[in-house]
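Residue numbers (the numbering used here), protein chains in the order written: chain A, 432 to 713; chain B, 87 to 376; chain C, 22 to 381; chain D, 2 to 502; chain E, 47 to 322.
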Ligand SMILES: Nc1ncnc2c1ncn2[C@@H]1O[C@H](COP(=O)(O)OP(=O)(O)OP(=O)(O)O)[C@@H](O)[C@H]1O
Ligand SMILES: Nc1ncnc2c1ncn2[C@@H]1O[C@H](COP(=O)(O)OP(=O)(O)OP(=O)(O)O)[C@@H](O)[C@H]1O
Ligand SMILES: [Mg+2]
Ligand SMILES: [Mg+2]
């Protein structure tokens, strides 16, 4: 079903991530719940791949499976190929060495995904020091650099502050900085703007676009907001009930959806006529 | 998904608590003790008060649990002890729950001065050393299990009040409560119909977990001579007799095991119950005071 | 527990009309004010309570024949100020308190403050060691159980902690004394020091500390070896309690997104657990530690009796049963104040641990 | 220094640990009147007269020798030379006079011992104690530890006076000022009192150990301690515990104690209409299985014939009025008009007498009376609360004990109508003229034989119609380690610490 | 569906919010003015949309209109009578005509009561006794009459929100307030629920105050819209005017920031940087 720019995905070592036939079951006692029923998604480097779908369709679980952060009792099969190795088969040790280093993640709620009692500096540098063996000063230097890159004002000062001292948009930027700290090749963003205001969201979306373009990172963008999808994703995969029901490039999927579910999703959107706004801020 | 859930939920609700093997063990022990208290101890052939036997006999064929310092049969006393220890601790817990729960609910719902007054009193009771309070009360009213229960009630309501208050404060801002009030329900209806049913479960769980503590506290008071009046068979009092006759270990061990079994049973049950609550309410229970 | 404010989400004040300069200082000042108010309340409770006791303190204080002599009784009443109206007695009581005078024991005619100064450190030492043991063991077990949730280790730990919560302390105390002192000879006998030992010079009243301060290493070893068994007995209950609470608060934290986020950073499990999970679980644990320590301070009478420890618990018990009202008032007040102090300390610790309290 | 306390040698440099349940209030002899206080006072202070070992039937010379006038009103005491206080100064008449006047003047618990007695110095060797009425008990009172002689100069220097302004107690709680075999090393009213031998001591009973630690330990722990060798003497084992430690090298010294446990039946109609009924009282008297109660109290316990314990002059061996006969009891009960009404039995539940809990006795009495048809309800209270009702004469049936203030039958006249304990049973002064007459006769009798006969008559009469039922004289069980060769017990001061050899 | 005939100018005004200010005392004594001089008015059968960023004071305004929040200054008139703050006492009769549908579908229904009886509570308030019955209402919001005996947890979020709407409509309100009633719903449901709310309100002749941060949806159901920012109304007017020709800079930014699902990959406009 991988119907995307085949040229961007060389068969052997692709710089991105390629998910093929991913199945996931969660066993709890005797009950077995099938969450994912064979997912195929290509996440090539330098592009943003969108994963859309209704609530509970398994978007988050797909990202979690790639990271190896599934709940207890999960059983996976299929492939998630990254740098020639199947992430699903890696030992927890080797997976841990990749997580945060080559593969990073951003969560939906920035206030919840940062530890409220640890300073921003602490949370931004601890994995750098672990993965990259940076010294204190080196890590600090890199942290300032990162905060500057994601446009958090007064980075030096920010490092000493705690999460509750920032707004949601700033926190999401910080979360992105944390994810980018070790120069990952793949970034999994699970609804990174859902908890944010439209105005703040606009800034974060731009940031993601820029990172993708400038750093050549492969981004998997999970969201149920088709507006966001349309603004950011290069290709879109639509999920429903643990299956990918439609994959295609952005324009195709949004303007001429094939699957009835995608159609329904798009029909439900309020129609947008041309908005007459002078973009005076740009 | 929601439909499926909807169909199965009501039928699974109680078993969900009881599916846990520990909960099954707990429930069976409690049932067994209820049976003992209600039936077996009444028809048991040996009189728990009769001082007809040789003193301090070790467990043997004639007296499975031995005899105590006055020549009474420890087995029949242990069985009969369930008639006082169980109902009294339950009574204590229920009273503390009702008293503390009501005060906490009132404090939480009405807030402001009422809240301040009630909660500062609760703080005071907390700050005042429990055992001294209990002892002074028991000393003043005279030792008896009823008075011990009253004393313990006075010192134990605040933890219920605290939990209840925080639950009610959490619930009173809930949208369904506000919706109810927008539809014109008064304070009482609002508390009774909208809030209470939704906060009762954690309180009940707390109470379940407290039954064991109650038995222990009452037995502690008995040990200090402020609880059960002889010759009433009471587990705590029996254990404290056993401390005097420490070499005759059977005097203390069997009622002690009885206490242990009940405490464990209620805790197993309460634990399972709490685990089956939704996480947000379970939160409030675990934040309870001692 | 700290009251969590209801205002959720990211607060972006539309207009902050006033701005706090030292939120932590103000927070602490409020807590302190509240504590002082509570202390005042405790004095009132002690006073009212002791006046509610129906028995006549005169009869309790005087010997059989002296109590029959109306002249002695009248003199005693006068000396104790019992002939004044209650409000006056209360004001007098407060006045005396301000000068540090807790009154004189009816039983021993010693200043209550002096007696408490002796009894309190004994219990404090015991409770401190017990709470330290409980924290180390209880938190470790609770953490372990939470990390192994629903597996064998979890069930075993929970069952064991419940057993700890279910055994009557006084009986356990005697049993432990029997096993470890009498049978196995691992620990020394009752009391705080060997009978032949001479107590170290009084500085803190904690024998272990005082003996170290005085450089008496053998006394230190002696005091410590006497301390361990009763402390273990006391700890068993609090270990059970802390295990349960740590388990559930760690479980709560484990469900938080920031733990998942920490794992997603590829941090080693050890770091995630110690740095992220434990720290997050600390606030509820500290609350319980505070409460448990408070209850240890006044709830040790049963253990003290068995171990001939003669601490504040036994003192309170004797005072209450002998109707030694000045002693009851003194001990109620002191324990109450210490309890309030501990709670204040817990509040301060919140501030230290949780930047949301410290920095606004 | 720390380490094991067990001692094998009994040289004067060794130390000994005595475990006891404290009821200590003070180390000031003029104020103490409790069991532990008496042990402490006896070790620290010598008294003018004393007893020889446990024989309390005959006072012997202490710091002084004595003569009592024929009318028993004047006791003349002649100081013996050679006794010195621990600071080396000699004990003088002035010290004796000061000490006794101080006991009287500060109105402490023991001051009643010298009620109506005038203390006067005659010369540098002699003093007299003069009473208005015949007071043949006075020589028996003088050995009491409360009447120990203190160093008047030292005590005065530390605030001591002979009136209510006395401030010496705090000093005496830190430092002893006596001529006894021991000096106070440290004193902690709650945990322990440590004694060191008084090097200036010149008395007869030389201290067996250089250092004695008297510790406050609860009964069950005492037992484990002595078994483990952690202590050498345990004073408060109950009979069962004492029996359990038998075998091995521990020794148990059992004997009757001077305590007498009794039931009182209130004679006041208003308090209870049954307990004041003669037939009902007889029913109770005959309905109690004394043998069973005595067996509760173990070896050495006896049933006293009357209120006076077996150790004293005037004790009654046994009396058929106080014997178990269920049929007679039921017959009397039938006559009394009682039909199953509940009668409360009050007793203090936080008191043990020689390790024996009153609670067990109460439970036993209740069970026995139940078999003859009397419905007794136990109503225990802590002693501090219950004392009120007891002293106020408000108990229907009370279970109490009496410990002698001094080892003389005169101490038991308080049980007669209109007297201290008699009133507690609602026994008014005019309630029984015949018994009152017998009491007066007993009080006036002088000479051992006459007194013995008079007190026996009095007790027999009281056993017939009086409100008191003497139940039990519990045993005193002292357990000593194998390293201890002898101890010296005495009903007045329990144990002579110097006598632990 | 957009912009049906705006309610006639002659319709009676049911709500007049006159220059209200609401301040919160926050822990630590600092005062926060959440609503700062807001004025609004609403007529029968009219839908007024209130949009703005999170925390700008929309909910506070709604709560103040219901009397749930004491006013620091200004007044709220409902049917010409002042709205008194809701104390612990029963709510006065004349205010029962104001009903609200809340943001969180999981919290707006009492989880321990059958939904049928909760809807009946609402019906009990209706002045026209027989205007509705439970079954009709359920059908109206697309549920089956047999659902009345179920408990809230047996429904999905969208269904619950529809039940809450049914309950509010059942009271026959003069004024219906929706405080972000669609915010937590699935994208595919938002539009449907919003439209349902509008339809039912207009049908019952009530005024609807519809609060949302999603201008795109408000535009489809509202007659007039007010844009709120930091406690003040930045701009107010007919929805088309505001949508196409916003006059305030803030409204423009807000509009520009909305990503458009046109498949063109156009990034939304940037907000001006703000200092916190
Ligand atoms: N810990 C878990 N155990 C069992 N089932 C789970 C667990 N977490 C999620 N699920 C189930 O997995 C399915 C997919 O969940 P997932 O979180 O991936 O959905 P989603 O598409 O991210 O939805 P949303 O848009 O609401 O975030 C759901 O049916 C959910 O109930
Ligand atoms: N009870 C309260 N106490 C103190 N401040 C409050 C309270 N409720 C709200 N606030 C503050 O008032 C301001 C306005 O809040 P309000 O809830 O009205 O915003 P909103 O526009 O509804 O935002 P959202 O879209 O997040 O619901 C916010 O800054 C909020 O933090
Ligand atoms: Mg998700
Ligand atoms: Mg809001």
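Note that the Cβ used here is the ideal one computed from N, Cα and C, for glycine as well. Keep in mind it's a predicted model, so treat the numbers as computed, not measured.
Exercise for review: Closer than 7 Å by beta-carbon distance: list the chain C residues that pair up with residue 543/A, in chain order.
Suggested key: 277, 278 and 279
Check your understanding: According to DSSP, what are the bridge partners of residue 136/C?
Key -> None, per the DSSP bridge assignment.
Practice item. Could you list the residues in the region 213–231 of chain D with a C-beta less than 7 Å from some C-beta on chain C, going in chain order? Key: Flagged, chain order: 214, 216, 217, 218, 219, 221, 222, 225, 226, 228, 229 and 231.
**Study point:** Ranges of the beta strand (DSSP E) found wholly within the region 293–377 of chain D, counting only runs of at least 3
**Key:** 343–349
Review point. Who pairs with residue 403/D in a beta bridge, going by DSSP?
Key: When DSSP reads this structure, residue 403/D sits in a beta bridge with 261/D.
Review point. Heavy atom of ligand 1 less than 8 Å from the Cβ of residue 470/A, yes or no?
Key: Residue 470/A Cβ: outside cutoff for every heavy atom of ligand 1.
Point to revise | Straight-line gap, residue 275/B to residue 262/B (C-alpha atoms, nearest Å) | key: 13 Å
Check your understanding: If you measure from the CB of residue 80/E, is any heavy atom of ligand 2 nearer than 8 Å?
Key -> yes
Check your understanding: Do we get a CB-CB distance below 9 Å when we pair residue 482/A with the residues of chain E?
Key -> no
Practice item. Report the rounded CA-to-CA distance for residue 354/B versus residue 188/C, giving the unit in angstroms. Key: The straight-line gap from Cα to Cα measures roughly 15 Å.
**Study point:** Within chain B, the residues that residue 148/E reaches when beta carbons sit closer than 8 Å
**Key:** The answer, in chain order, is 261, 264 and 265.
**Study point:** Near-chain B residues of the region 335–355 of chain D - C-beta to any C-beta below 8 Å
**Key:** 350 and 351
Practice item. Grab me the residues of residue 488/D's own chain with a C-beta within less than 7 Å of its C-beta, minus the 5 sequence neighbours each way, in chain order. Key: 234, 254, 479, 481, 496, 500 and 501
Practice item. Locate the alpha helix (DSSP H) running through residue 423/D, then write down its first and last residues. Key: 421–425
Review point. Closest to residue 169/D by CA distance: which of 124/D, 99/D and 281/D is it?
Key: By alpha-carbon distance to residue 169/D, the top candidate from 124/D, 99/D and 281/D is 99/D.
Point to revise | alpha helix (DSSP H) segments (min. 4 residues) lying fully within the region 226–260 of chain B | key: 231–258
Review point. Residue 129/C by DSSP, collapsed to three states: which one?
Key: coil
Check your understanding: What residues from the region 173–202 of chain C come within 8 Å of chain B, judged by C-beta to C-beta, listed N to C?
Key -> 176, 179, 180, 183, 184, 186, 187, 188, 189, 190, 191, 192, 195 and 199
Point to revise | Interface residues of chain A facing residue 303/E [CB-CB closer than 9 Å] | key: 628, 629, 630, 631, 632, 633 and 634
Review point. Which term fits residue 247/D, buried or exposed, when burial requires 16 or more other beta carbons within 10 angstroms of its beta carbon?
Key: exposed
Exercise for review: Return the residue from the list 356/C, 309/C, 313/C and 279/C that minimises the CA-CA distance to residue 554/A.
Suggested key: Closest by C-alpha distance to residue 554/A, out of 356/C, 309/C, 313/C and 279/C, is 279/C.
Review point. How big is the Cα-Cα spacing for residue 247/E and residue 279/B?
Key: Per the coordinates, the alpha-carbon of residue 247/E lies some 28 Å from the alpha-carbon of residue 279/B.
Review point. Where does residue 262/E fall in DSSP's three states?
Key: helix
Review point. Taking C-beta to C-beta, are residue 184/E and residue 169/E nearer than 9 Å?
Key: no
Review point. Taking the continuous beta strand (DSSP E) assigned at residue 119/D, which residues delimit it?
Key: 118–122
Exercise for review: With distances taken Cα to Cα, identify the nearest neighbour of residue 681/A among 658/A, 691/A and 700/A.
Suggested key: 658/A
Exercise for review: Could you tell me which residues DSSP puts in a beta bridge with residue 128/E?
Suggested key: 123/E
Review point. Using Cβ-Cβ distances below 7 Å, what residues of the region 169–200 of chain D are close to chain G?
Key: As a matter of chain content, chain G is missing from the structure shown, whose protein chains are A, B, C, D and E.
**Study point:** residue 670/A Cβ short of 8 Å to ligand 1 heavy atom set
**Key:** Yes, since a heavy atom of ligand 1 falls inside the 8 Å radius drawn around the Cβ of residue 670/A.
Practice item. Reducing DSSP to helix, strand and coil, say where residue 99/E ends up. Key: coil
Check your understanding: At a cut-off of 8 Å, is residue 128/B close to ligand 2 when judged by its beta-carbon and the heavy atoms of the ligand?
Key -> No, Cβ of residue 128/B sits at least 8 Å from all heavy atoms of ligand 2.
Check your understanding: So, using beta-carbon positions, are residue 179/E and residue 218/E closer together than 9 Å?
Key -> no
Review point. What did DSSP end up calling residue 91/B once you bin it into helix, strand or coil?
Key: Caution applies to residue 91/B, whose pLDDT of 40 falls short of 50 and renders its modelled position unreliable; the value that the coordinates give is listed next. Residue 91/B falls in the helix class under three-state DSSP.
Review point. What is the DSSP secondary structure of residue 204/C, counted as helix, strand or coil?
Key: helix
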